[in-house]
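2 protein chains.
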Amino acid sequence: MGNAALGEPEETTAGIVIIGDEVLSGKVRDVNSPFLLKELYRQGVRAQRVVTIPDDVDVIAGEVRSASERFDFVLTSGGVGPTHDDLTFQGVAEAFGVPLHEDPTLSALLLRHFEDRLTQAARRMALVPVGTRLVQAGDTRFPLCVVRNVYVFPGVPEILKAKFEAVRQEFRGRPFHQVRVYTWQNETTLAACLEQTLDRFPGLAIGSYPTFDKREYRVMLTLESRDRQRLEEARDALLGLIDPAQIVRVEEPERAGAGPTGS
Amino acid sequence: MGNAALGEPEETTAGIVIIGDEVLSGKVRDVNSPFLLKELYRQGVRAQRVVTIPDDVDVIAGEVRSASERFDFVLTSGGVGPTHDDLTFQGVAEAFGVPLHEDPTLSALLLRHFEDRLTQAARRMALVPVGTRLVQAGDTRFPLCVVRNVYVFPGVPEILKAKFEAVRQEFRGRPFHQVRVYTWQNETTLAACLEQTLDRFPGLAIGSYPTFDKREYRVMLTLESRDRQRLEEARDALLGLIDPAQIVRVEEPERAGAGPTGS
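Chains as they are written, first to last, in this note's numbering: chain E, 161 to 423; chain Z, 161 to 423.
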């Protein structure tokens, strides 16, 4: 956010919306957002926000609308089954002020799957916002629904993963490069070195991660940028500020994950 | 939210704010919100929202302000160390429009801990919003800081847990009771039964959780209320709607977790 103005190339951004009372009550642990965060990062996309909200149409609509305006991509998870608390499509429709309609492709798939067990509740699963794009999702039973920049994933982790693979290539940002520095120096002393480095390289993403078992190192520092040359300069500047005797090792700049575009 | 009007006793609510670029980039997995969600539920407190945001003062301020207005309790995690990206106290101060000041108790503790290694960066850890209440937190090194209804936890899971125990008794809601029904019925048929039950018991929290291995049951239904008698009536109404041959077992109403007030 605003990094472009500070010397970093422009970001491709994403927001994640996890929908479900069962997550908020601690009954079901959200494993979908950790998966999506890792994969988006690999794609070079910067996730800016994850929010977990109840099964409530107005809350869903408000979050989806706001995320859709602010981020390049929005990924939702949960709330797309046949029961009374599956309200995601209603929320997305309300977010964009469009009506729901029965999608003929989805209806045909539901009819084929449920045959004579096709109830009113199951029919609800074919009601999607007008303007929904269907993406065939590998060997999953139903396609993925995309409404403008909102990708509507189911809450079941295995199905979410399969559907993510079907659209992975749509999430493209310029890949990140990362350097890691492992050191024995304590975090409070390092804080001053990091601040000086940031003064020279504004907008660079710097992280500081203390360990508490302290067997191999005390603090891991990470420097991150889409601009490899700038990253190497920042690394050299930082290493010039830390007592060399305190440095355990420095890892070479490398692509963070395997983004789709070449470095 | 609004359940009181629908026949459910009034809720005690909470919002959780997870702060840290390292979570959003998938480098560090958030284990704090799953812990806090479970524990709040045990305390009878309804978490309404979890949001994960970057290390950005304005974003922190905006989320904390909005959560503080809407929920009884706000719990934040992360961003309280000595480095440049530890901005939580600045964000909380901005949320409430109060200045930071150096707290003498925290300063003394930092001085005792760091002795002559006390740097400018470490001193920053004593800068907290005016009006901060300090809560002694077991054998953790520093007290927990509470600003109005905002509990500022560190991101390190072990320390967060220890500090939560120190204030657990401050989070009190009326405890939830829960009934579980395990069934072979498919979810689409059950959806109609659940809707009829909800028509008779508006505002009751009902969940429907399909399994995919299907060895013991196909769908677990949960009914949840603070009002045990109402819960038993709703359970009987629901069971009257499901084919008895499809019911695997029904668990007795029980306290969900071990809330602090008697049932």
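A virtual CB, placed ideally from N, CA and C, is assigned to each residue, including glycine.
Classification of residue i by the beta-carbon crowding that lies within 10 angstroms, buried from 16 upward
i: E:Gly180; result: buried
i: E:Ser337; result: A quick correction: the sequence has His, not Ser, at residue 337 of chain E. It is buried - the Cβ of E:His337 has at least 16 other Cβ atoms within 10 Å.
i: E:Glu171; result: buried
i: Z:Arg395; result: buried
i: Z:Ala405; result: exposed
i: E:Pro263; result: The question names Pro, but residue 263 of chain E in the sequence shown is Asp. When all chains shown are included, E:Asp263 counts as buried.
i: E:Gln208; result: buried
i: Z:Thr236; result: buried
i: Z:Glu254; result: buried
i: E:Phe324; result: buried
i: Z:Asp276; result: exposed
i: E:Phe231; result: buried
i: Z:Pro362; result: exposed
i: Z:Gly291; result: exposed
i: Z:Thr265; result: exposed
i: E:Gly422; result: With a pLDDT of only 31 at E:Gly422, under the threshold of 50, the placement of this residue in the model should not be trusted; the figure read from the coordinates follows. By the neighbour-count rule (16 or more Cβ atoms within 10 Å), E:Gly422 is not buried but exposed.
i: E:Gly298; result: exposed
i: E:Asp246; result: buried
i: E:Ala165; result: Its pLDDT being 40, under 50, E:Ala165 is placed unreliably by the model, and the measurement read from it follows with that caveat. Classification for E:Ala165: exposed.
i: E:Thr371; result: exposed
i: Z:Val295; result: exposed
i: E:Pro259; result: exposed
i: Z:Asp215; result: buried
i: E:Glu199; result: buried
i: E:Glu330; result: exposed
Limits of the unbroken alpha helix (DSSP H) element including residue i
i: Z:Gln345; result: No alpha helix (DSSP H) holds Z:Gln345; DSSP gives it neither H nor E.
i: E:Ile213; result: Where E:Ile213 is concerned, there is no enclosing alpha helix (DSSP H), although the beta strand (DSSP E) it sits in stretches over 206–213.
i: E:Tyr201; result: 192–202
i: E:Leu271; result: 264–274
i: E:Leu127; result: Because chain E spans 161 through 423 in this model, residue 127 of chain E falls outside it and cannot be assessed.
i: E:Glu325; result: 317–327
i: E:Ile220; result: 217–230
Limits of the unbroken beta strand (DSSP E) element including residue i
i: Z:Val366; result: Strictly speaking, residue 366 of chain Z in this sequence is Ile, with Val absent from that position. Per DSSP, Z:Ile366 belongs to the beta strand (DSSP E) from 365–370.
i: E:Ala174; result: 173–179
i: Z:Phe233; result: 233–237
i: E:Arg283; result: It is not in any beta strand (DSSP E) - E:Arg283 instead sits in the alpha helix (DSSP H) that spans 280–283.
i: Z:Glu170; result: Segment: none, Z:Glu170 is in no beta strand (DSSP E) and carries neither H nor E.
i: E:Tyr311; result: 310–313
i: Z:Pro289; result: 287–289
i: E:Arg409; result: 407–410
i: E:Val188; result: Looking at the DSSP string, E:Val188 is not in any beta strand (DSSP E), and its letter there is neither H nor E.
i: E:Arg293; result: 292–295
i: Z:Glu384; result: 379–385
Expected contact under 8 angstroms - CB spacing of residue i and residue j to nearest Å
i: E:Arg375; j: E:Asn346; result: No, E:Arg375 and E:Asn346 are not in contact; Cβ-Cβ is about 16 angstroms, not under 8 angstroms.
i: E:Ile319; j: E:Thr348; result: That belief does not hold up - the Cβ atoms of E:Ile319 and E:Thr348 are roughly 46 angstroms apart, past 8 angstroms.
i: E:Ala282; j: Z:Ala352; result: Contact flag wrong, Cβ pair sits at about 10 angstroms.
i: E:Phe233; j: E:Leu287; result: So it is not a contact: roughly 24 angstroms between Cβ atoms.
i: E:Arg332; j: E:Gly204; result: 7 angstroms
i: E:His350; j: E:Ser368; result: It is Leu, not His, that sits at residue 350 of chain E in the sequence shown. At roughly 6 angstroms, the Cβ-Cβ gap stays under 8 angstroms, so E:Leu350 and E:Ser368 are in contact.
i: Z:Pro357; j: Z:Leu401; result: Contrary to the premise, residue 357 of chain Z reads as Thr rather than Pro in this sequence. Sure, about 7 angstroms apart at Cβ, within 8 angstroms.
i: E:Val310; j: E:Val240; result: No, E:Val310 and E:Val240 are not in contact; Cβ-Cβ is about 12 angstroms, not under 8 angstroms.
i: E:Gly222; j: E:Ile178; result: Contact doesn't hold; Cβ gap of about 15 angstroms is too wide.
i: E:Glu411; j: E:Arg340; result: 4 angstroms
i: Z:Pro289; j: Z:Phe313; result: With a Cβ gap of about 15 angstroms, Z:Pro289 and Z:Phe313 do not count as contacting.
Listed by chain order, chain Z residues near residue i by CB distance under 8 angstroms
i: E:Val211; result: Arg209, Val210, Val211, Thr212
i: E:Thr279; result: Thr348, Thr349, Ala351, Ala352
Contacts of residue i in chain Z (Cβ-Cβ under 7 angstroms)
i: E:Arg189; result: Pro194
Under 9 angstroms by beta carbon: chain E residues contacting residue i
i: Z:Glu182; result: Gly367, Tyr369, Thr382
i: Z:Tyr201; result: Leu184, Ser185, Gly186, Lys187
Within chain E, the residues that residue i reaches when beta carbons sit closer than 7 angstroms
i: Z:Gly241; result: Glu347
i: Z:Glu355; result: His244
i: Z:Ala282; result: Thr348
Partner residues on chain E for residue i, Cβ-Cβ distance less than 8 angstroms
i: Z:Phe432; result: Missing from the structure shown is residue 432 of chain Z; chain Z here goes from 161 to 423 and no further.
i: Z:Leu358; result: His244
i: Z:Leu197; result: Val183, Leu184, Ser185, Gly186
Minimum Cβ-Cβ distance from residue i to chain C less than 9 angstroms
i: Z:Ile220; result: Protein chains in the displayed structure are E and Z, and chain C is not among them.
**Request:** Return the chain-ordered ranges of every alpha helix (DSSP H) run that is complete within the region 235–260 of chain E and spans a minimum of 4 residues.
**Result:** DSSP assignment within the region 235–260 of chain E yields the following whole alpha helix (DSSP H) runs of 4 residues or more, N-terminal first: 248–256.
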